[in-house]
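> First residue of the sequence shown: 798, per the working numbering; consecutive thereafter. In this text, a Cβ means the ideal position worked out from N, Cα and C, and glycines have one as well.
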Amino acid sequence: MKQFAVVQHTYSEFLGLIENQLEKRDIGFAYFRPFVGQDLPGSAGQFDALFVLGGQAPPGDHDQNPWHDDELRLIGIFRDARRPMVGLGYGALVLAEYEGALLSPEPFHNAYWTIAHKTPAGEADALAQAVDGRPVLVMANGAATLPAGMEPIVVDDNGRWIAIRPDPLAYGLLFRPELKPGMIEDMIMEAKRKTPPDIGELLAEARRHWGDTQRTTDQVIVALVKELDLMRERRKMPVFRLNIGE
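1) Judging by CA-CA distance, which residue of VAL803, SER809, LYS799 is the nearest neighbour of MET984?
2) In angstroms, rounded to a whole number, what distance separates the CA positions of GLY825 and MET798?
3) Grouping DSSP H, G and I as helix and E and B as strand, with all else coil, what is THR916?
4) Just tell me which of ALA802, HIS1006, ASP836, GLU820 has its CA closest to the CA of ILE1018.
5) Taking 6 angstroms as the limit between beta carbons, can you name the residues of its chain near PRO1044, skipping five residues before and five after?
6) Does DSSP classify ARG870 as helix, strand or coil?
7) Okay, do the stretch 894-901 and the stretch 927-947 touch, 3+ Cβ pairs below 8 angstroms being the bar?
8) Can at least three beta-carbon pairs, one atom from the stretch 881-894 and one from the stretch 960-971, be found at a separation below 8 angstroms?
9) With 16 as the cutoff for other CB atoms within 10 Å, does ILE1041 come out buried or exposed?
10) For a test of the three-state rule: what should DSSP assign to PHE801, helix, strand or coil?
11) Would you give the residue range spanned by the alpha helix (DSSP H) that ASP845 belongs to?
12) Can you find the residues in the same chain that come closer than 6 angstroms, C-beta to C-beta, to PRO993, ignoring five residues on each side of it along the sequence?
13) If you follow the alpha helix (DSSP H) that ILE981 is in, where does it begin and where does it stop?
14) What residue from GLN818, GLN861, LEU847 has the CA that sits closest to LYS991's CA?
15) Pick helix, strand or coil for ALA940, following the three-state DSSP scheme.
16) Return the residue from the list GLY873, ARG880, LEU871 that minimises the CA-CA distance to PHE844.
17) Apply the 10 Å Cβ neighbour rule to ILE912 and answer buried if 16 or more other Cβ atoms are within range, or exposed otherwise.
18) Whose C-beta lies closer than 6 angstroms to the C-beta of ASN817 among residues of the same chain, with five residues either side of it excluded?
19) Taking C-alpha atoms, which residue in PRO863, ASP877, ASP953 lies nearest to VAL935?
20) For a test of the three-state rule: what should DSSP assign to TRP864, helix, strand or coil?
21) When you compare the CB positions of ILE981 and ALA945, do they come within less than 8 angstroms of one another, or not?
22) Note down, in chain order, each residue of its chain lying with its Cβ closer than 6 angstroms to the Cβ of PHE1037, except the 5 sequence neighbours on either side.
23) Can you find the residues in the same chain that come closer than 8 angstroms, C-beta to C-beta, to GLU1043, ignoring five residues on each side of it along the sequence?
24) Grab me the residues of GLY930's own chain with a C-beta within less than 8 angstroms of its C-beta, minus the 5 sequence neighbours each way, in chain order.
25) Quick check on the burial criterion: 16 or more other C-beta atoms within 10 angstroms. Buried or exposed for MET882?
26) Establish whether the CB of GLY825 and some CB of chain B are separated by less than 8 angstroms.
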């Protein structure tokens, strides 16, 4: 059975809408939660792909994200193992950083609705085609300036990057296909979480776009499956059982 590793940074931000899509395809997933002290995987050998989810502080804030260096190492492990990777929000910024992007803590609240626009670099990309012209919710604290030579495949109304594909087996998405209105409500209720000042308006838009959002997410997953070959089970490391004393 295919098994994905999923790095979760807050209780309110999980795979959300994506969970159902993976389950329909008989894909399992295991959450790793460094924010409660859980260790990240030491290898990619038991997993077919990696998802790195959203978070409540900019990735460059190491006081709030003490697991940051371990997460960069994990991305390197999956890259070396040639396993697909998808970063969402915070995860997209970390993935971009791994590829040489310069992180910035500002704007702290990088959250807004926009229309997605594919770029020339995304012209032949199934994911860029899937979201082109559709409303999407961008949500990530902090920002990243892409390194020279890395062209975004999707930008917002102002030409800022909201999706990159730095490697044939990796995507970074600042827009959030997994988010449900209930997840945004949970963010508002999460203790000590700093939410955007217009979070109420963002939530109202999420409810208004709910039907379109579900269809967009469906198309995003179809594109990810196609482009990253997610239905192919990668070779797993054998698990040995030691029967001491037998």
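Straight from the coordinates:
1) SER809
2) 7 angstroms
3) coil
4) GLU820
5) This structure cannot speak to residue 1044, because the chain is shown only from 798 to 1043.
6) helix
7) yes
8) yes
9) Residue placement at ILE1041 is poorly supported in this model, since its pLDDT is 48, which falls under 50; the coordinates still yield a value, given next. Exposed, by the Cβ-count rule.
10) strand
11) Note, ASP845: premise wrong, no alpha helix (DSSP H); not H, not E.
12) HIS906, ALA908
13) 978-986
14) GLN861
15) strand
16) ARG880
17) exposed
18) none
19) ASP953
20) coil
21) no
22) Interpretation of PHE1037 is limited by its pLDDT of 49, a score under 50 that renders its predicted location unreliable; the figure taken from the coordinates is listed afterwards. Here the set comprises nothing.
23) Confidence at GLU1043 is low in this model, with a pLDDT of 43, below 50, so the placement of that residue is unreliable and no value is reported for it.
24) ILE912, ALA913, HIS914
25) buried
26) No chain B appears in this structure, which consists of one protein chain only.
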